[in-house]
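The structure appears below as structure tokens.
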Ligand code: ZN
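Numbering (the working numbering), first residue to last: 320 to 645.
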């Protein structure tokens, strides 16, 4: 509505001088009494998680080499996407900034979260089918992703989990950059998704997905970058740190969500791929997680549950925290 409006009347301030300062001091004291205990509880929780994760990861159960299995992600042959788009950077929350860095284990660190796909991709097939260079081949810019049998889309799922994880990471002091935040009609393309993390100089990146495999398969798996040196791709520097992040995420996600590792792909919940643009083009440590199989009834039920998604997000945030502070 564009009609002219009358400005609201300005109320006289009943406080002046010393009275106003006294009010501000009382408000500040009240805020501090709330913020400090919350920060303390958050720190103690994080410590507990970090310690337990260190215990787990100090005895890696999986060898660093994994055979590549079938490629069943509905991200498809084009691979799971990587991010880009108008990057949505999130600064640490005001309470975190005010408290200083002592209780913020991720202060000064930047994390890239990549919600796979985009709910608008299905309406922009020409745009997302355009081929982009991923170093060792050319692949579709992005794909539509999968969905549960009742129509809960992978793109909705990934953005929801990313929002939840972003909040946890920001509360720990991290700057969180998103590749898309539901703020663009389609995409970004997989090469742009990688570029956003590179340009943000992210300390670590996680791309969130859900799989669209045959209904009989269930469980989650983490995908790590293979060594690819071709054209614009050179993952030499990120293979090892990404592997460390991947193992941490596998262990933390399994413990935090109760979701078993995949029955149909990878080994013990880990897979390594050379055909994903989001990994090939990344210059920062990065992994994908396929949180479950949306075509499997059990997995779909869990992923459709907001409480389970919160646990999934917590696991992602905890794994990143352990990685960045370990
Ligand atoms: Zn996907």
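Cβ atoms here follow ideal geometry from the backbone N, Cα and C, with glycine treated the same way.
All values derive from a computational prediction rather than experimental measurement.
query                                                                                                                                                                                               : result
Taking residue 607 as the reference, give the member of 469, 561 and 493 with the closest Cα.                                                                                                       : 561
In the DSSP output, which residue or residues are listed as bridge partners for residue 523?                                                                                                        : 430
Just to confirm my understanding: we take residue 307, look at its own chain, exclude 5 residues before and 5 after, and list those with CB closer than 7 Å. What are they?                         : Beyond the ends of the chain as shown, which are 320 and 645, falls residue 307; an answer cannot be given.
From the DSSP output, in three-state form, read off residue 552 for me.                                                                                                                             : strand
Less than 6 Å between C-beta atoms, sequence neighbours within five positions excluded: which residues of the same chain meet that for residue 445?                                                 : none
Going by CA-CA distance only, name the one from 441, 614, 639 and 450 that's closest to residue 511.                                                                                                : 450
Compute every distance between the C-beta of residue 648 and the non-hydrogen atoms of the ligand ZN, then say whether any falls below 7 Å.                                                         : The chain is shown only over 320 to 645; residue 648 falls outside these bounds and no answer can be derived.
Tell me which same chain residues have a C-beta within less than 7 Å of the C-beta of residue 521, skipping the five on either side of it?                                                          : 429, 430, 431, 496 and 603
What are the complete alpha helix (DSSP H) segments, minimum 4 residues, inside the segment 566-634?                                                                                                : 596-599 and 616-622
Once you ignore the five residues that flank residue 469 on each side, which residues in its own chain have a CB closer than 6 Å to its CB?                                                         : none
Any heavy atom of the ligand ZN within a distance shorter than 7 Å of the CB on residue 562?                                                                                                        : no
Report yes if the C-beta distance between residue 610 and residue 631 is below 8 Å; otherwise report no.                                                                                            : yes
What does the Cβ neighbour count give for residue 559, buried or exposed, with the cut at 16 atoms within 10 Å?                                                                                     : exposed
Rounded to the nearest angstrom, what separates residue 500 and residue 623 at their Cα positions?                                                                                                  : 20 Å
Label residue 437 either buried or exposed according to how many other C-beta atoms from any shown protein chain fall within 10 Å of its C-beta, with 16 as the threshold for buried.               : buried
Name the residue from 616, 535, 475 and 490 whose alpha carbon lies nearest to the alpha carbon of residue 625.                                                                                     : 475
Measuring straight from C-alpha to C-alpha, what distance separates residue 540 and residue 524?                                                                                                    : 16 Å
Inspect the beta-carbon positions of residue 580 and residue 528 and report whether they are closer than 8 Å.                                                                                       : no
In the structure shown, what three-state DSSP assignment does residue 503 receive?                                                                                                                  : coil
Mind checking residue 442: buried by the 16 CB within 10 Å criterion, or exposed?                                                                                                                   : exposed
Less than 6 Å between C-beta atoms, sequence neighbours within five positions excluded: which residues of the same chain meet that for residue 493?                                                 : 425, 428 and 430
Tell me the rounded alpha-carbon separation between residue 388 and residue 584.                                                                                                                    : Any reading at residue 388 is ruled out, since the residue's pLDDT is 30, under 50, leaving its predicted position unreliable.
Starting from the C-beta of residue 460, find all residues in its chain whose C-beta is less than 6 Å away, skip the five residues before and the five after it, and write them out in chain order. : 447, 449, 451 and 508
Does the beta-carbon distance from residue 597 to residue 513 come in below 8 Å?                                                                                                                    : yes
On the DSSP bridge list, what partners appear for residue 457?                                                                                                                                      : 452
Do you know how far the Cα of residue 551 is from the Cα of residue 453?                                                                                                                            : 7 Å
When you measure from the CB of residue 292 to every non-hydrogen atom of the ligand ZN, does any distance come out below 7 Å?                                                                      : What the structure shows of the chain is the stretch from 320 to 645, and residue 292 is not part of that stretch, so it cannot be assessed.
The ligand SAM and residue 461: does any heavy atom of the ligand fall closer than 7 Å to the residue's C-beta?                                                                                     : Here the bound small molecules are the ligand ZN; the ligand SAM is not part of this structure.
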